[in-house]
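For this note's numbering, count along the sequence shown from 1 and bump the result up by 3.
Where is the CB? At the ideal position from N, CA and C, for every residue including glycine.
If you're wondering where the values come from, they're calculated on a predicted model, not measured in any experiment.
Here's the structure we're looking at; comments come further down.
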Amino acid sequence: MRKNEYLALVAMEECAEIQQALSKAIRFGFDDHHPSRADETNEEQLLTEFYQLTAMIEEMQNKGIIAGFTQEKIEKVKNDKIKKVYKYMDYSEEKGLLEKSFNSK
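Written out as C-alpha cells, the structure is:
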C-alpha cells in the first residue's frame, strides 16, 4: 500500500465513524452520551469525527493527492446540496412521510 492510499483509507474510516455517530445521535439523542464517555455528547462525537475527516481531506490536499476546491467552489457545492436536500424534503413532506416541523436535539 502506498502512503496516498493509506491516507485515503483513513479518510474512508472517518466517513464510517461519522455514520456511526449520526446513527447514535438519532437513536439516543444528540445530547446523550456513551455510558463510558460521560464527558462527550453524541453531538460532540459527531463533530469530532467530522473534523477528523476534514483533517484527512486537508492532509490529502497538502500532500498533493487531491487538488481541492476554491472557497467559491466549496460554497457553491454546499449551497447546491442544501437546496437539493430541501427540495426532496418538501416532496417527502407532501407525500405525508415527513413531519412538518424540526425538533431540536
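Would you mind sorting residue i into buried or exposed? The rule is 16 or more other CB atoms within 10 Å of its CB.
i	result
asparagine 65	exposed
glutamate 52	buried
threonine 44	buried
glutamine 22	exposed
alanine 41	exposed
Within its chain, find whatever has a CB closer than 6 Å to the CB of residue i; leave out the 5 residues flanking it on each side and keep chain order.
i	result
valine 13	Met59
methionine 63	Leu10, Ile69
methionine 4	none
Looking at the structure shown, is residue i part of a helix, part of a strand, or coil, going by DSSP?
i	result
threonine 51	helix
asparagine 106	coil
methionine 4	coil
threonine 57	helix
lysine 81	helix
alanine 70	coil
lysine 76	helix
leucine 2	The requested residue 2 does not occur in the structure, where the chain is confined to residues 4 to 108.
lysine 27	helix
What does DSSP give as the partner residues of residue i in its beta bridges?
i	result
histidine 36	Thr44
I'd like the list of long-range same chain contacts for residue i, defined as Cβ closer than 8 Å, with 5 residues on each side in sequence excluded.
i	result
aspartate 34	Thr44, Asn45, Glu46, Lys108
leucine 25	Leu49
Go through its chain and collect everything with a Cβ distance to residue i's Cβ below 7 Å, but skip five positions before and after it.
i	result
alanine 127	Residue 127 lies beyond the range of the chain shown here (4 to 108); nothing can be said about it.
**Report entry** Cβ contact (3+ pairs, closer than 8 Å) linking the stretch 16-36 and the stretch 49-66
**Finding:** yes
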